[in-house]
Structures are given as C-alpha cells and as structure tokens.
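Asks: Residue numbers (UniProt numbering): 1 to 284.
All C-beta atoms, glycine included, are put in the ideal place defined by N, C-alpha and C.
My questions will all concern the structure given below.
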C-alpha cells in the first residue's frame, strides 16, 4: 500500500460532498487532500491514523481532520463481509469565499488556525454530530451547505471545546513534500503491522527504505513528529486496546501478541499512553 493524494472529482464543481460508505472493510491507503473532512463510523472497528496519531476506533467514533493531513481507517476484522464497515464522510473545501465570511472566520476558521492535525469528538458533541451527519445525504445544494456549516459551527463553538480532543500536530510542509513523506510513512505502517510481534528497530525500518539508520531516524521524526520507537509503541498499544476490548485473551498473551517482550514493559507503556492499566481499560 502507498499513501496517495486523493482526487475529489465532484468537489471540483461543488464546495462539498457527502459519502455514505458501506464496505467489506476499511482498508484504503493513508491519503491526504485539501478538504476538511468529518467522518462518523457507524459500523466496524480497527485502527485510526490521523497525522502522527494512531488510536483504536469503534462505532460512534467521530473525527474532524484538517486539510492536507494524512489519514486512514484500517479494519481489524480478519474476514471481509459486505457491509461490515460503514461510515458517513463529509468533505468540505476551505475556499477563499468561505474564509471571507465573518461567520466562518469566527467559528471553523478559528479551529483550523490551531496546530492540531484533527479532533476526536467526544460525549454529547460526538452524539449530536453522529445523529446529524447522515441527514446531510438527503439534502443538496445550498440547503446541504447551510446544514454542513451549521454543524461545523457547532463543533467549533467555544462551549464545545471540552468535547474536542486534539489529535497530534499538523506538520507545516509544502504539499508535494507532505505527499511524498506520507507515501513513505504508509509503506512503513504496512510493514510495521505485518511484523508487530517482532523486535522492530529503526535499523530494520531503514533497510526497508534503503537508507542509513541515522538518515531514517532524522527523516521519520521530521515527517511524523516523533521518534520511530515512540510511534511503534503507539501502534502496539492501539492494537492491544483492540484485543482487550474484542477478546477475553489474558493480558500477558495480548502483550506478547503486540510485540512486548515483558508484561512489566507493556503495563508501563500502556499506562503512559492511556492513563489507566490494561485491566482498567478492558473494564471500560
């Protein structure tokens, strides 16, 4: 797989579009585009990649992704079943015309001026957006645009801040450079997931890209915003959270399946990233 710069044909003529997705699995490449994207997962679970973050997702997951940020959703299910992955996606061009509106500048424009790569919506805000987003599919034209702007204004409202959790930092790079970096990161993500139980190192990753370990480490941190080791541990913990929620496998077995050599290291890394122990996270 490789990361791609997504082309949105419909958006060449329209300011926005709404997609109702029903797939066997979320398995598209990590990609980026110049649109603001709001995604609500109705069915399916797996790992969500937004910028430099990797987290588990499940039904009810609602995320707003900033323009030109690499992102993807990958299903965890081993079997592909029609309709097992369902989502509603709204993509909106942050056009100069929109930017010129005082209402936009005071609401969504303020949100987009932040450094976050995206925002995970939580609590009542996530529930409100999840209920309203699918209805956009039944409208068109100015009515649809008006509803979309009202929804974004609600997300960006100051009183909604407590229900918006920033997802990583946006890497400010020229578009061509960002797309090239995203392609390399996507190839690495695929390789890492295929070898998660192994002792992954920067040296091994460098061999995959045919560069020196030192050059790889510098490039990865510049492109992703964190070290390769930190990113691998983030991915391992995200995979572990999926296994803890979806299976009754012993915690020691989950730790080993996700590449942790010792249970003590797994517990320490888990608490550092999640804030609770694996046992507490499993209980919900």
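Going by the beta-carbon positions, is the gap between residue 170 and residue 105 smaller than 7 Å?
Replies: no
Asks: Give the secondary structure of residue 17 by DSSP, where H, G and I count as helix, E and B as strand, and everything else as coil.
Replies: strand
Asks: Of the choices 31, 34, 61, whose alpha-carbon is the least far from that of residue 45?
Replies: 61
Asks: Going by the beta-carbon positions, is the gap between residue 48 and residue 73 smaller than 7 Å?
Replies: yes
Asks: Can you give the beta carbon distance from residue 92 to residue 148, rounded, assuming they're within the 8 Å contact cut?
Replies: 6 Å
Asks: Quick one, which of 240, 153, 199 has its alpha-carbon nearest residue 102's?
Replies: 153
Asks: Within its chain, find whatever has a CB closer than 7 Å to the CB of residue 67; leave out the 5 residues flanking it on each side and keep chain order.
Replies: 34, 35, 36, 94
Asks: Could you work out which residue in 167, 241, 162 is closest to residue 287 when comparing CA atoms only?
Replies: This structure cannot speak to residue 287, because the chain is shown only from 1 to 284.
Asks: Only counting the same chain, and skipping five residues up and downstream in sequence, which positions put a Cβ closer than 7 Å to that of residue 232?
Replies: 192, 200
Asks: Secondary structure at residue 209, three-state DSSP: helix, strand or coil?
Replies: It is helical.
Asks: Name the two residues that bound the continuous beta strand (DSSP E) containing residue 123.
Replies: Per DSSP, residue 123 belongs to no beta strand (DSSP E); it is in the alpha helix (DSSP H), 123-132.
Asks: Have a look at residue 121 and residue 155 and give me their C-alpha separation to the nearest angstrom.
Replies: 8 Å
Asks: Pick helix, strand or coil for residue 264, following the three-state DSSP scheme.
Replies: helix
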